[in-house]
Amino acid sequence: MTNKFRGVMQSPVTPLKDDFSLDLATFEKVLDFHVRTGASAISWPHHKGESLNLTIEERKRFAEAAVKTVAGRIPVTIHVSALAVEDTFALARHAQDIGADGILAITPYFWTPTREAIHDYFVRLCGSIELPVLSYNSPSYLAGVEITGELMARLIERLPNFVGVKEASFNSEKFLEISRAALKLRPDFALVTGVEFLLPSVPLGGVGSYSAAGSICPNLCRDLFEACVAGDWPRARELQYKVSRLWALFRNQYPSSLKGGMVIMGRPVGPTRPPLPTASPERQAYIRAELEQLGILDTEPHGW
Amino acid sequence: MNAFQPGLVHLPVTPFTPDRRIDFDRLGRLIDFHIRNGADALALPTHAGESVSLTDGEKRMLIEFAVKHIAGRKPLIAHVSDAGTAIAAALARHVEAAGADAILVTTPYYWTPPPEMILEHFVEIGAAVRLPFLVHNAPEDMGGAKVSAELMLTLIGRLDNFAGLVDASLDWQFMLDLIMEARHARPGFLLISGTELMVSAAAIGATGMFAPLAGVAPNLLRALFELCRDDKLFEARAAQEEIARLRQLLKAGGVASLKAALAARGRDCGQPRPPLQALDRHAADALARHLDSIAALRDEPRGW
């Protein structure tokens with residue numbers, strides 16, 4: 001199968017009303033905004049979309065809305081990671097039933113499963129559906145629980161629908177071990193970096209990113225990707241430095257700072273569910289000053 | 001200060017005689033080998049050179065010997081790390097007087113001081129000399145202790161001769177955070193890849209490489225370095241993957257594997273000093289056979 005999961009893929013935030021309930025009308029606007037501003041695919045709900053603060057029923061409801069709103073214009077994948085593995089399987093099955101184009105799943109949360117347990121988990125998950133499955137490797141957030149290059153190779157050899165990884169170790173050695181093992185066995189395996197670390201990953205076989213900043217600065221994200229695939233490294237460096245400054249801004253109180261930034265860009269999406277904080281007016285003022293200084297307010301779309 | 005551009009830095013091992021003294025005769029031959037085979041500069045005695053297993057007197061003798069033997073053919077970066085700040089500062093003064101061209105320092109051994117004291121450690125050692133001062137960020141070697149970008153930016157403000165950082169953390173976020181701010185504060189600040197995994201670091205802005213494997217595969221490393229230096233990052237991937245494979249092969253055995261690999265290539269530098277354990281005969285033979293089977297190493301020099 002030709003891999004369609006590449007480029008700057010957007011994982012929308014989850015808009016909430018003031019009472020923290022889901023805001024469907026704004027979610028549709030967020031999805032349309034991403035499609036219109038050049039996203040190559042949609043994937044929801046990542047941690048940025050507060051996945052773990054949504055009930056399984058809420059996740060299913062908005063997954064349906066995402067597939068329906070995007071309506072085939074670009075691929076939609078559903079992030080199915082949940083604390084209980086049984087919920088993950090239910091979400092995966094549901095994603096297939098509603099016509100999503102693939103799923104994304106992290107290594108199990110909380111427990112520190114052995115390498116064999118991680119292997120068995122992905123074997124079961126991939127065997128439970130026919131959709132393409134992207135794995136999600138985040139060893140620094142998950143206490144060293146990791147899909148190594150060797151494990152990636154075993155999974156690729158065994159599972160025809162194991163098509164890619166959201167790689168969030170952001171480490172030269174870990175990325176290289178995965179790219180070296182995976183691309184040999186499956187040349188179109190999608191190596192996608194977790195946020196916009198395109199500059200260090202594209203030279204080693206990376207094909208895109210799950211964007212963090214795309215709801216703020218889609219133009220910048222697209223320009224960075226294009227500079228990287230064109231091998232225009234001096235320009236890519238300049239753009240990556242700018243994106244990294246933004247990431248330094250947003251990773252502090254992520255994703256509430258991102259939601260705070262969206263207010264400034266004229267795309268308000270409401271508060272963030274506890275235990276995450278909601279960006280205060282002071283925090284928003286700080287974010288505005290930073291965005292101004294980086295020239296984002298002049299170069300990126302305002303409003304929907 | 002900014003004129004100091006180390007380029008491809010070879011890291012010679014420290015040869016020992018069978019009765020565990022430094023084998024200066026072989027060290028001289030090894031230095032000549034590195035200079036003939038593509039080194040732009042030499043760093044010694046590094047961790048690959050078992051610096052931690054040398055007495056203070058031996059380190060002084062080794063640097064004095066290396067300065068005389070190199071005789072200005074290439075710059076010499078002297079590694080002066082220690083647990084105690086004053087001990088390292090005294091060694092720094094000694095190697096400056098002996099004629100080294102730059103000094104390299106890690107976080108202190110064993111202790112885990114608060115950031116203010118790590119800063120004092122670097123300031124005191126760096127201020128002891130006028131030579132370019134390089135910090136080696138090597139969390140894997142240092143029990144996880146690493147420096148933050150913020151600490152390094154503070155150090156730029158405190159130390160005029162702080163010329164650059166040698167990164168072995170392989171951490172994209174750290175490298176980006178550091179380089180984009182450091183080059184504002186100190187134009188020409190050096191980011192140097194502290195391992196042979198240079199492509200991502202070069203994309204981010206690294207201009208030099210420390211290569212512990214240079215004694216084994218100098219030609220492959222020279223090719224990789226030049227592609228990275230010339231910003232041919234896509235073209236560098238094949239060489240990078242070969243080097244990554246070699247690095248993984250030798251990684252678990254550390255210096256013992258490195259010395260066994262050198263011996264297998266006809267450059268016997270003896271065994272590591274205790275407490276490191278040499279590879280047993282069986283493992284050394286298996287390693288030699290494995291090296292022989294790697295096509296990418298066929299053009300590498302054998303013997304001295």
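First to last, the sequence lines map onto chains S and A. Under our numbering, the first residue of the first sequence is numbered 1, with each subsequent residue one higher. Under our numbering, the first residue of the second sequence is numbered 1, with each subsequent residue one higher. Just so you know, even glycine gets a beta-carbon here, dropped at the ideal spot from N, CA and C.
A/R289 and S/K48 have their alpha carbons spaced roughly 49 Å apart. Closer than 8 Å to the CB of A/M180 there is at least one CB belonging to chain S.
Taking each of S/L83, S/A289, S/T37 in turn and checking the Cα distance to S/R73, the smallest one comes out for S/T37. The region 210-223 of chain A makes no contact with the region 176-193 of chain S: fewer than 3 CB pairs, one atom from each, lie closer than 8 Å.
The beta carbon of S/F20 lies closer than 6 Å to those of R273 in the same chain, with the five residues before and after it left out. In terms of CA proximity to S/T148, S/V165 leads the group S/V133, S/V165, S/I129. When Cβ-Cβ separations below 8 Å define contact, A/F210 makes no contact with chain S. Taking a cut-off of 8 Å on C-beta distances, the region 215-226 of chain S touches the region 255-262 of chain S, as three or more cross pairs fall below it. Assigned with DSSP and collapsed to three states, S/L52 falls in helix.
Out of A/S53, A/L11, A/L42, the CA that lies nearest to the CA of A/Q277 is found in A/S53. For the region 183-210 of chain A, the set of positions with a beta-carbon nearer than 7 Å to some beta-carbon of chain S reads L197, V199, S200, A201, A203, I204, G205 in chain order. Only C228, G231, W233, P234, A236, R237, Q240, Y241 from the region 220-241 of chain S bring a Cβ to less than 9 Å from some Cβ of chain A. Contacts between S/R180 and chain A, judged by CB atoms closer than 8 Å, involve E241, A244, R245 in chain order. By the neighbour-count definition (other C-beta atoms within 10 Å, threshold 16), S/T114 is an exposed residue. Residue environment for S/Y136: buried (at least 16 other C-beta atoms within 10 angstroms of its C-beta).
By alpha-carbon distance to A/M61, the top candidate from A/G144, A/A78, A/K74 is A/A78. Distances from the CA of S/S244 to each of A/H47, A/I179, A/T14, A/G28 were compared; the closest alpha carbon is that of A/I179.
A distance below 8 Å separates the beta carbons of S/L31 and S/T69.
With distances taken between CA atoms, S/L131 lies nearest to S/F162 out of S/S11, S/F162, S/E57, S/S138. Rounded to the nearest whole angstrom, the C-alpha separation of A/H121 and A/P272 is 29 Å. Sorting A/A102, A/A88, A/A97, A/I87 by C-alpha distance to the C-alpha of A/P75 places A/A102 at the top. The contact set of A/D230 on chain S, defined by CB atoms closer than 8 Å, is empty, because the minimum CB distance reaches about 10 Å.
For A/L134, the uninterrupted beta strand (DSSP E) segment begins and ends at 133-137. From the listed residues S/E290, S/S172, S/S256, the smallest Cα separation to A/A203 is found for S/S172.
For A/M198 against A/L224, the beta-carbon gap comes to about 6 Å, under 8 Å, which counts as contact.
With a minimum length of 4 residues, the unbroken runs of alpha helix (DSSP H) contained wholly in the region 190-250 of chain S fall at 198-201, 218-229.
About 7 Å separates the beta carbon of S/L125 from that of S/T88, a gap short enough to meet the 8 Å contact definition. For A/M198, the secondary structure class from DSSP, reduced to helix, strand or coil, is coil. Under the DSSP assignment, A/W111 falls outside any alpha helix (DSSP H); it carries neither an H nor an E label. Look at the beta carbons and you see the region 234-253 of chain A not touching the region 23-41 of chain A: under three pairs across the two are nearer than 8 Å.
An exposed status is given to A/M117, since fewer than 16 other beta-carbon atoms sit within 10 Å of its beta-carbon. In this structure, the beta-carbon distance from S/T26 to S/V269 falls below 8 Å. With contacts defined by Cβ atoms closer than 8 Å, A/R130 and A/N161 form a contacting pair. Put simply, the CB of S/L24 is far from chain A, with every gap to its CB atoms at 8 Å or more. For a cut-off of 8 Å, the C-beta gap from S/A95 to S/V80 is around 6 Å, short enough to register as a contact.
Comparing alpha carbon positions, the residue from A/I125, A/D32, A/A98, A/Y110 closest to A/R73 is A/D32.
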